[in-house]
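Reading through the structure tokens given below for one structure.
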Amino acid sequence: MVIQGYSFDFFRNLRGYKYPSELTLEEKNAVRNTFLSEISKLPIPLRYVPSYFAQKGEVDSFVEKNLLSMGVSNEDASILYDDKSKIIIIINDTEHLSFSGYTLDNPVKKYEELNGYLRIMSEDLAFQKDRNFGYLSSQIPLCGNGFMIDSIVHIPALMNSNKVMYMVNKTMRRPGALLIPYSDKAAASAFFIVRCISKTEPYKDINFIENIVSELEVKERAEAYELGQNQNFMEFLADRVESARNSGRISTGDFLRTVDDIILFRKIMGDEVQGEKIRNVLIKTQGTNISNMNFKHNEIEEYFYSLLFEDKEGLNA
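Residue numbers for the sequence shown, in the working numbering: 3 to 319.
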């Protein structure tokens, strides 16, 4: 099950400057002003927020969720964004420039849109690029074509059947491709990020991600059907969900495992939870957006539990 769409993260660093963590305040201002001048030439109605952490009130919920999911951490980072085109630009975080976009479908079209904007900027700017390593990054594994593509998937049936390693091994056969846990909490969850740091041909890398996601969807659905034929497993699953409902406060890791159980139960019963709703709440569960490890009386629990514990198909049946 694809949680929703595809996210692109492009990055560029200006030639002649160190990476942001090593820049002086004057150098950061120079980098910021250089990019702001070039970005103003782009045909996008971008809204500018000088410092995300200093002006949270200026950032709407869509942008904040995406910033948190990307781990924006530098208080000097400047933000530009456009809700309509789902584009976020970050200056002076881990890279001089991070150019991100999200699309529900048609990742090739979104890639060409974002890459086109960067081409406009490259007409006047010199980016750090090496003949052998491609675009250079403060994070060595990111060196290559200067972008990566992510898609979030949820595969609880494959997790329950211990068949995830097959897909991990298959994914990692391609340079720069990864199937990694979405959450860094101790308790394993069935939420994964299918990621490809583009190092070969961009269109082939995008196509690879689309194919992996499609294959995961097919295998997950087939595995859920098989599990649904096992009455003992269904009773075990229903008991686990009921136990979570009655347990009160639970940890982040246990919370996501409960989400796994409920969505798998719903899937088997033919009543899948809407992917976009899951994606939005998942972003909120990232550590930087949680005041503590417990969800009781938290907006996440109130929203997610009310959604997932509806007895449309009778979780106790």
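For every residue, glycine included, the Cβ atom is placed at its ideal position computed from N, Cα and C.
If the criterion is Cβ atoms closer than 8 angstroms, does the pair residue i and residue j meet it?
{"i": "residue 93", "j": "residue 37", "result": "yes"}
{"i": "residue 199", "j": "residue 143", "result": "yes"}
{"i": "residue 153", "j": "residue 90", "result": "no"}
{"i": "residue 119", "j": "residue 218", "result": "no"}
{"i": "residue 266", "j": "residue 159", "result": "yes"}
{"i": "residue 220", "j": "residue 155", "result": "no"}
{"i": "residue 104", "j": "residue 88", "result": "yes"}
{"i": "residue 99", "j": "residue 14", "result": "yes"}
{"i": "residue 10", "j": "residue 102", "result": "yes"}
{"i": "residue 146", "j": "residue 178", "result": "yes"}
{"i": "residue 230", "j": "residue 270", "result": "yes"}
{"i": "residue 157", "j": "residue 222", "result": "yes"}
{"i": "residue 240", "j": "residue 260", "result": "no"}
{"i": "residue 24", "j": "residue 127", "result": "no"}
{"i": "residue 181", "j": "residue 169", "result": "yes"}
{"i": "residue 21", "j": "residue 140", "result": "yes"}
{"i": "residue 1", "j": "residue 262", "result": "The first residue shown for the chain is 3 and the last is 319, placing residue 1 beyond what the model contains."}
DSSP on residue i, reduced to helix/strand/coil?
{"i": "residue 105", "result": "strand"}
{"i": "residue 92", "result": "strand"}
{"i": "residue 192", "result": "coil"}
{"i": "residue 183", "result": "strand"}
{"i": "residue 113", "result": "helix"}
{"i": "residue 230", "result": "helix"}
{"i": "residue 100", "result": "strand"}
{"i": "residue 17", "result": "coil"}
{"i": "residue 134", "result": "coil"}
{"i": "residue 214", "result": "helix"}
{"i": "residue 259", "result": "helix"}
{"i": "residue 46", "result": "coil"}
{"i": "residue 340", "result": "Nothing can be reported for residue 340: it is not among the residues displayed for the chain, which extend from 3 to 319."}
{"i": "residue 118", "result": "helix"}
By the DSSP assignment, the alpha helix (DSSP H) with residue i in it spans what residues?
{"i": "residue 151", "result": "Run containing residue 151: none in the alpha helix (DSSP H); it sits in the beta strand (DSSP E), 149-156."}
{"i": "residue 38", "result": "27-41"}
{"i": "residue 87", "result": "No alpha helix (DSSP H) contains residue 87, which DSSP labels as neither H nor E."}
{"i": "residue 171", "result": "166-173"}
Please classify residue i: is it buried, with 16 or more other beta-carbons within 10 angstroms of its beta-carbon, or exposed?
{"i": "residue 28", "result": "exposed"}
{"i": "residue 97", "result": "buried"}
{"i": "residue 161", "result": "buried"}
{"i": "residue 33", "result": "buried"}
{"i": "residue 204", "result": "buried"}
{"i": "residue 224", "result": "exposed"}
{"i": "residue 227", "result": "exposed"}
{"i": "residue 80", "result": "buried"}
{"i": "residue 174", "result": "exposed"}
{"i": "residue 238", "result": "exposed"}
{"i": "residue 272", "result": "exposed"}
{"i": "residue 7", "result": "buried"}
{"i": "residue 133", "result": "exposed"}
{"i": "residue 351", "result": "Any answer about residue 351 is impossible in this case: the structure gives the chain only from 3 up to 319."}
{"i": "residue 201", "result": "buried"}
In terms of residue numbering, what span does the beta strand (DSSP E) encompassing residue i cover?
{"i": "residue 83", "result": "80-84"}
{"i": "residue 128", "result": "Element bounds for residue 128: n/a, residue is neither H nor E."}
{"i": "residue 11", "result": "8-14"}
{"i": "residue 50", "result": "49-51"}
How many whole angstroms separate the CB atoms of residue i and residue j, which I take to be in contact at a CB cut-off of 8 angstroms?
{"i": "residue 48", "j": "residue 84", "result": "5 angstroms"}
{"i": "residue 151", "j": "residue 208", "result": "6 angstroms"}
{"i": "residue 16", "j": "residue 129", "result": "7 angstroms"}
Consider the C-beta atom of residue i and the heavy atoms of the ligand SAM; say whether any pair is separated by less than 7 angstroms.
{"i": "residue 50", "result": "Among the components modelled here there is no ligand, and therefore nothing to report on the ligand SAM."}
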